[in-house]
Amino acid sequence: MLSPVISAIREGEVTLRPIRLRDSRQLERVLLDNRGWLRKWEASHPQGTFSINARVSIRNLLRYAREGYGVPFIVEYRGLLVGQLNVSSIVHGSMSSANIGYWIAQEYAGRGITPVAVALATDYCFGTAGLHRVEICIRPENKSSLRIVEKLGFRYEGLRRRYIHIAGSWCDHFAFALCAEEVPGGVLHRWLSGEVPMDVARVPDADRVAAGHPLPVA
Numbered sequence: 006m007l008s009p010v011i012s013a014i015r016e017g018e019v020t021l022r023p024i025r026l027r028d029s030r031q032l033e034r035v036l037l038d039n040r041g042w043l044r045k046w047e048a049s050h051p052q053g054t055f056s057i058n059a060r061v062s063i064r065n066l067l068r069y070a071r072e073g074y075g076v077p078f079i080v081e082y083r084g085l086l087v088g089q090l091n092v093s094s095i096v097h098g099s100m101s102s103a104n105i106g107y108w109i110a111q112e113y114a115g116r117g118i119t120p121v122a123v124a125l126a127t128d129y130c131f132g133t134a135g136l137h138r139v140e141i142c143i144r145p146e147n148k149s150s151l152r153i154v155e156k157l158g159f160r161y162e163g164l165r166r167r168y169i170h171i172a173g174s175w176c177d178h179f180a181f182a183l184c185a186e187e188v189p190g191g192v193l194h195r196w197l198s199g200e201v202p203m204d205v206a207r208v209p210d211a212d213r214v215a216a217g218h219p220l221p222v223a
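For the sequence shown, the working numbering begins at 6 and goes up steadily by one.
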């Protein structure tokens, strides 16, 4: 199990720090201000209705963290809360893996904040947490996130049909991953030093075509 006591990690003006219950009011304000920007990427419950309650969400995330299944971070830029990153689905033992999901406020998109945050989180998973594999799954339409895994050299692993319920429907996702031995010097260092291999994140044309044709619903 991971310890719930986690220190902030930084690179330049970007900081990843553990989420706190007292973040709820500010987090809720940022989410509401960016509702139109984030709505189409938000995970949803097939039988549920959407509501923004940051305090309840943070309580759930902190409970998962205490149980060792996740590590929830706030993304800060120059000391301001600008996004969120969650390490989730942590499995130890023979798999030693986790997933990473994230969002950033529209005002701060395109400034290089998110790739730094994802690199820091992945290095945390491989280093401090001792995990072996990190996966990121991205909607085919999410070009900004696809650029992030390309920048950081996440390896494309395949198309997952109707994988996650997003904004009210089951959506296809492209899966990308890295294993610890692929980045012995760290993801952040490899990216900043210009050593990311070319084309490892390239999605085959066949998968792009397939993702554009939803599976039939019986």
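Even glycine gets a Cβ: it sits at the ideal position worked out from N, Cα and C.
Residues that DSSP places opposite Tyr82 in a beta bridge: Val19, Leu85
Can you tell me which residues form a DSSP beta bridge with His170? Trp175
Quick one: what does DSSP say Ser8 is sitting in, helix, strand or coil? Unreliable placement is indicated for Ser8, whose pLDDT of 44 sits below 50; no coordinate value is reported for it.
Taking the DSSP output, what are the residues bridged to Ser102? Val96, Arg138
Bridge partners for Ile14 per DSSP, in chain order? Leu21
If we count Cβ pairs, one from each stretch, closer than 8 Å, do we get three or more for the region 120-138 versus the region 9-19? yes
Cut-off 7 Å between Cβ atoms - residues of its own chain near Arg144, not counting five sequence neighbours on either side: Trp46, Ile171, Cys176, His178
Return yes when the Cβ of Glu162 is within less than 7 Å of the Cβ of Ala182, no when it is not. yes
In terms of residues, what are the limits of the alpha helix (DSSP H) holding Ser49? Looking at the DSSP string, Ser49 is not in any alpha helix (DSSP H), and its letter there is neither H nor E.
Taking all protein chains shown into account, decide if Asp28 is buried (16 or more other Cβ within 10 angstroms of its Cβ) or exposed. buried
Alpha-carbon to alpha-carbon, Glu81 and Gly117: 12 Å
I believe Phe78 touches Pro23 by the beta-carbon criterion, under 8 Å. Please report the beta-carbon distance rounded to the nearest angstrom. 6 Å
Do the CB positions of Cys142 and Ala103 come within less than 7 Å of each other? no
Which value, in whole angstroms, describes the spacing of the CA atoms of Ser49 and Ser174? 8 Å
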